Each structure stands twice: as C-alpha cells, then as structure tokens.
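**Q** If you're matching positions, the sequence shown starts at 2 in this note's numbering and goes up one per residue. Built from N, CA and C at the ideal position, the CB exists for glycine as well. No experiment lies behind these values; they were computed from the predicted model shown. Supplied in structure tokens, the structure appears directly below.
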Amino acid sequence: MKKLRGILLIGVLMIGTLLFASCGGTTSTPEEVASKYLENITKKDFNDENVKKETLDLIHSSVSNKEDAIEASKNISEMFDSVKKEFESYGAGEKFEEFKKATIDGIKIEKKKETIENDTAEVEYLITVPTIDQLEFKKKIENLVAEKLKNTKLEDLDKNALMNESVDLIISEIKKGEKLEKEDITIELKKDGKNWAITSTY
C-alpha cells in the first residue's frame, strides 16, 4: 500500500504544486495583456482626462478578461501544459479541460487603487486564484486508496482508474473555492515624450 500510495501522491501532489504556481504566474499577466491594448493610444496626450480614462479602462478590461490574460501569460500557459501532461500520463487526459475551466472560472481580479500624477501612473489589483489544501488532499487520497484495498489486492488495483478519481477530487476542490491564494499586483506606467509605457509589474 505504501508503494502505491507513493506512486499516486508523487503524481497527484505534483499537480497541486503546479496549481499553486499559477498564482505566481499571474504576475506577468497585466503587463503582457495591457501592453497590447496600450499600443493603440501611446501617441495621445495622457494628461487629457478622457485619455486617462480610456487608458485605464483598457488596462482594467484587458486584465479582467481572464481567458485573454491566461492566454497571454507564459507562466500560466506553461503551468496548464504541465498539468495536462501529468493528467495524460495517468490516463486522465480527458479531464484536463474541466480542470482548466474550473480554475479559470475561479480566478477573480479586483481593482484596488489607481493613481495618476503628471508623467506617472500606477494601478493596483488583487488577484485571487482557487487552489487546493495539499495536506487535506493527501488525506483524501490516502482514504481513497485504503477504501479500494478493502476489497481489492494491491497488485489488482487499476492505477489509471484511481488517478481518474484523484483528478475528480482535485476538480471538486477547485470548484468549491474554499482554498484561495491571493496576490497583490501593481502596474506602473511612465510617460516618455508623447508615449506611455508600462515600466514594471510587481
């Protein structure tokens, strides 16, 4: 049982670790996505109130579009690619899209504050990402394996079927949204001549 438990937990908890990484991955999203929208208005006078509003609205809308933001974020895309491969390696590849949708649906982006002074601007966001409690999840997997072993010999257990059930547990936990990772993100912009550029995201 310990051997099988180890095989399962290495794979399943790796998925959990990758999921935790998604919060850090979102730090690159505002810069990458907002830059695309800012290209169209960089030659305008940012001191004009209408231009200020237009620029900030574009930043907010681009960051709030979660699908576009995730598509633009290399870190998040790589995280999903890794999770997909992990699912497929255990015969649970068909469940990946459900996992991805549950994660995206659970992401929340909230504007906290915006400041514009002369040639600098700053926008703050709070990003919340659904994740799993690894200790609690480990207990659930152990209980699942123990329950299977009541009626089945170790050598007769279907590891792929067990992994599918483990993935179902992950998706269920994500959908509940009880465990959340939160991160503050700040976008800084600076005027250079007539152009505005994002100088940093942290």
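Could you check where the beta strand (DSSP E) with isoleucine 110 kicks off and where it finishes?
**A** Taken as a continuous stretch (DSSP letters only), the beta strand (DSSP E) holding isoleucine 110 covers 109 to 118.
**Q** Is there contact here, the region 112 to 126 with the region 148 to 165, by at least three beta-carbon pairs under 8 Å?
**A** No, they do not touch.
**Q** Let me confirm a value: glutamate 179 is counted as buried when at least 16 other C-beta atoms fall within 10 Å, else exposed. Which label applies?
**A** Glutamate 179 comes out exposed.
**Q** If you draw a straight line from the alpha carbon of valine 84 to that of alanine 93, how long is it in whole angstroms?
**A** Cα to Cα, the separation comes out at about 11 Å.
**Q** Kindly indicate which three-state DSSP category alanine 122 falls into: helix, strand or coil?
**A** If DSSP states are grouped into helix, strand and coil, alanine 122 belongs with the strands.
**Q** Decide if the region 131 to 141 is in contact with the region 167 to 176; the criterion is three or more beta carbon pairs, one per stretch, under 8 Å apart.
**A** With the cut-off at 8 Å, the region 131 to 141 and the region 167 to 176 touch.
**Q** For lysine 160, is the classification buried or exposed, using 16 other Cβ atoms within 10 angstroms of its Cβ as the cut-off for buried?
**A** By the neighbour-count rule (16 or more Cβ atoms within 10 Å), lysine 160 is not buried but exposed.
**Q** Using DSSP with H/G/I as helix, E/B as strand and the rest coil, what is leucine 136?
**A** In this structure, leucine 136 counts as helix in the three-state DSSP scheme.
**Q** Express the C-alpha separation of lysine 112 and glutamate 99 in angstroms, rounding to a whole number.
**A** Rounded to the nearest angstrom, the two C-alpha atoms are 28 Å apart.
**Q** For lysine 176, tell me which candidate among Phe97, Gly107, Glu95, Leu158 has the shortest Cα-Cα distance.
**A** Nearest of Phe97, Gly107, Glu95, Leu158 to lysine 176, Cα basis: Gly107.
**Q** Under 9 Å between the Cβ atoms of threonine 129 and lysine 183?
**A** Cβ distance < 9 Å, so threonine 129 and lysine 183 count as in contact.
**Q** Hey, phenylalanine 246 and lysine 101 are a contact pair by Cβ (cut 8 Å); roughly how many whole angstroms apart?
**A** The first residue shown for the chain is 2 and the last is 203, placing residue 246 beyond what the model contains.
**Q** Give me the DSSP bridge partner(s) of leucine 127.
**A** Glu111, Asp185.
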